[in-house]
Amino acid sequence: IQLGEKCSMDSRIYAVPQPIMVGPGDGLFDHIAECLASFIKERELGDELLPLGFTFSFPCKQEGLTKARLARWTKGFKCAGV
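Residue numbers (the numbering used here): 980 to 1061.
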């Protein structure tokens, strides 16, 4: 995007079912991947190279510039193995 150009954004909110919120961590991240795959398929973006950001909004202990460890779950999540 250049200065003065318009940009558009498309988004969708996906619910996280309660069993996933308290199940194994792999299940949570699999659910996130499935939601992303669904979004890409619905919008026929499979051949597009898209920038992607991911925010992990839970308290973490930063262990390095690119590394952090989950301090504790909040917001009703309690996934094991993360």
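Every residue, glycine too, gets a C-beta built ideally from N, C-alpha and C.
Unbroken beta strand (DSSP E) run spanning residue i, endpoints
i     : result
A1047 : 1046-1049
Sheet register partners of residue i (DSSP bridge)
i     : result
C935  : The displayed coordinates of the chain run from 980 to 1061. Any statement about residue 935 would go beyond what the structure contains.
A1059 : P1003
Backbone CA spacing between residue i and residue j [nearest angstrom]
i     : j     : result
E984  : K1057 : 43 Å
L1044 : S990  : 29 Å
G1002 : V995  : 11 Å
A1016 : Y993  : 12 Å
M1000 : V1061 : 12 Å
Buried versus exposed, by CB contacts within 10 Å (16 or more), residue i
i     : result
L1007 : buried
Boundaries (first-last residue) of the alpha helix (DSSP H) holding residue i
i     : result
D1009 : 1004-1021
I999  : 997-1000
CB contact flag (residue i, residue j, <9 Å)
i     : j     : result
P1038 : L1049 : yes
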